[in-house]
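Right, one structure below, let's go through it.
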Amino acid sequence: MRALLLFIVFLGVSQAVTCWIGSTNGVSPPENRSSIECSGDCKYCAKGVLVLANSVGYATWGCGCGGGVNDIATEFGATCTKKGKTERSTGADGKETMYCCKGDKCNSANQKISFYTIITIAFIAFLSLAPNKAQIS
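Letter 75 of the sequence shown, counting from 1, is numbered 185 in the numbering used here, and no numbers are missing.
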């Protein structure tokens, strides 16, 4: 029984990540998006954004490890090896940015919005738990 449990845990850890795939001419994922399991032992999803003259020209979602059919890392000339972003100039007021994240379907949300949402929730929780020193007599 113990061996079976260890096998199931190891199987879950060793599987590749599942990422959202698709592309659009904006920054939000397309409504009809789908997901795919990335090839090999890939652990990173990615979102790529092409900006031309300060407006988003194209955005794409996929795997971030390079080499697969639905892998955007090759398209952007970079491979995800850690969470974060990689930028490069395309000339003439153009810029490509690839955002890498680790985990299943992590490439769907705007990371800044998620961060600010978490900070706001933490602040509200702090205020609600703080002792109320102002008492009316």
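Backbone N, C-alpha and C fix where the C-beta goes; we use that ideal spot for every residue, glycine too.
Taking C-beta atoms as the reference points, C155 and G174 count as a pair closer than 8 Å. Inclusion of K195 and M208 in the CB contact set at 8 Å is warranted, their separation being smaller than that value. Setting aside the 5 residues that flank it on each side, C211 is surrounded in the same chain by C155, K193, N217, each with a C-beta closer than 6 Å to its C-beta; the list follows chain order.
The residue from I146, S149, V127, G158 with its alpha-carbon nearest to that of T134 is G158. In this chain, the beta strand (DSSP E) harbouring E147 covers 144-147. Taking every protein chain shown into account, the CB of F186 has 16 or more other CB atoms within 10 angstroms, so this residue is buried. Put simply, the backbone Cα of K215 is about 31 Å away from that of D203. For the options G176, E197, R143, the alpha carbon positioned closest to that of G150 is the one of G176. Excluding residues up to 5 positions away in sequence, L160 lie with their Cβ nearer than 6 Å to the Cβ of G167 in the same chain. Around the beta-carbon of T200, fewer than 16 other beta-carbon atoms lie within 10 Å, marking it exposed.
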